[in-house]
Amino acid sequence: DSRLPSLRARRLHLRYGEFTALDGVDLDVSPGRVTAVVGPNGAGKTTLFHCLAGTLRPDGGHVRLGGRDITRLPAHARTRLGIARTFQQLAVFPSLTVAENVRVGAEQGRIADPAAVERALRLFELDGPVRDLPAAGLPTGTLRRVELARAFAGGPRVLLLDEPAAGLDTAEVEVLARVLRALAADGTALLVVEHDLDLVADLADVVHVMTAGRIVTSGPAGHVLGTLRGTAGP
Ligand code: ATP
705 DSRLPSLRAR
715 RLHLRYGEFT
725 ALDGVDLDVS
735 PGRVTAVVGP
745 NGAGKTTLFH
755 CLAGTLRPDG
765 GHVRLGGRDI
775 TRLPAHARTR
785 LGIARTFQQL
795 AVFPSLTVAE
805 NVRVGAEQGR
815 IADPAAVERA
825 LRLFELDGPV
835 RDLPAAGLPT
845 GTLRRVELAR
855 AFAGGPRVLL
865 LDEPAAGLDT
875 AEVEVLARVL
885 RALAADGTAL
895 LVVEHDLDLV
905 ADLADVVHVM
915 TAGRIVTSGP
925 AGHVLGTLRG
935 TAGP
């Protein structure tokens, strides 16, 4: 099935005991677009991310990929369907080399294509000598790229990125924004949960603002971020 599916969340509810972390969230992550979720600490962004990736199951509501209800599918099954993710806390295998880490992503993904490993290494500029170094001890910026390459190597249709700019310097953030925009232009559906509003402004087509478990504002990035910063958006 080569149709490009959207990932859609509808009326998601999730509680931690008495505390409501998601209070009826609707969200579309559409092909060819970068969708961003921003909001203060504790708003529920990470919880929403987990519900989309399959590491948490909502108490109510649905998650669909294309026409398929995946609400009850575990994370690894979603990965097979083409929903790849990165982690806020880096989660590379320290004793594996960069190339081996990326190969794991290719094997877990939607398509097991050996050429995809080389494509991913090239795209994230990991095809030099660094490819054969163990991941342990590499700088954060490099490890973020290893994670992205690993997610990309599986041929994802949806890429979920949890704070991809954390620990990156300005130049690295610019490169990241360019690569992610290229992936979206290629038809991938991207979701970014991010604190760095400059990256979101550079990158996102649509921004959703979450507060207290709800999406309170949505719209084009320029407009929403302009409002958030208290200035007139373009
Ligand atoms: P941050 O930007 O700090 O990561 P967030 O928007 O991602 O915040 P979540 O991590 O989704 O927010 O948390 C939403 C709320 O749920 C917070 O108030 C948090 O304290 C609470 N929470 C998160 N995980 C648990 C848990 N396992 N048990 C109880 N409460 C939790």
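Read left to right, the sequence shown gives residues 705 to 938 (full-length UniProt numbering). Virtual Cβ for every residue (Gly too), placed ideally from N, Cα, C. Computed from a predicted structure; not experimentally measured.
Item                                                                                                                                                                  : Value
Is any heavy atom of the ligand ATP found at a distance shorter than 7 angstroms from the C-beta of residue 703?                                                      : Residue 703 lies beyond the residue range present for the chain, which begins at 705 and ends at 938; the question has no answer from this structure.
Residue 811: buried (16+ other C-beta within 10 angstroms of its C-beta) or exposed?                                                                                  : exposed
Distance check for residue 865 and residue 939, CA to CA, integer angstroms please.                                                                                   : Past the boundaries of the shown model lies residue 939; the chain is included only from 705 to 938, so the question cannot be answered.
So is residue 889 buried or exposed if we call it buried at 16+ other beta carbons inside 10 Å?                                                                       : exposed
Quick check on the DSSP output: the beta strand (DSSP E) that includes residue 923 runs from which residue to which?                                                  : 918-924
Would you say residue 738 and residue 908 are within 8 angstroms of each other, going by their C-beta atoms?                                                          : yes
By the DSSP assignment, the beta strand (DSSP E) with residue 732 in it spans what residues?                                                                          : 723-733
Let's test the definition: count the other Cβ atoms within 10 Å of the Cβ of residue 867 and tell me whether it reaches 16, buried, or not, exposed.                  : buried
Following the continuous alpha helix (DSSP H) through residue 899, name the residue where it begins and the one where it ends.                                        : It is not in any alpha helix (DSSP H) - residue 899 carries neither H nor E in the DSSP assignment.
Ordered along the chain, which non-local residues of its own chain (more than five positions away) have a Cβ less than 7 angstroms from that of residue 854?          : 805, 806, 808, 809
Considering only residues of the same chain and omitting the five flanking positions on each side of residue 718, which have a CB-CB separation below 7 angstroms?    : 725, 726, 751, 755, 760, 762, 763
If contacts are defined as beta-carbon pairs under 8 angstroms, then residue 910 and residue 925 qualify, I think. What distance do you get, rounded to the angstrom? : 7 angstroms
Nearer than 7 angstroms: is that true of the beta carbon of residue 740 relative to any heavy atom of the ligand ATP?                                                 : no
To the nearest angstrom, how far is the alpha carbon of residue 830 from that of residue 802?                                                                         : 8 angstroms
Using only the alpha-carbon positions, how far apart do residue 840 and residue 793 sit?                                                                              : 14 angstroms
For residue 781, report the span of its alpha helix (DSSP H) as first-last.                                                                                           : 779-784
Determine the DSSP secondary structure at residue 927, reduced to helix, strand or coil.                                                                              : helix
Taking the C-alpha atoms as reference points, what is the distance between residue 747 and residue 838?                                                               : 36 angstroms
Could you give the distance in angstroms between the alpha-carbon of residue 736 and the alpha-carbon of residue 887?                                                 : 8 angstroms
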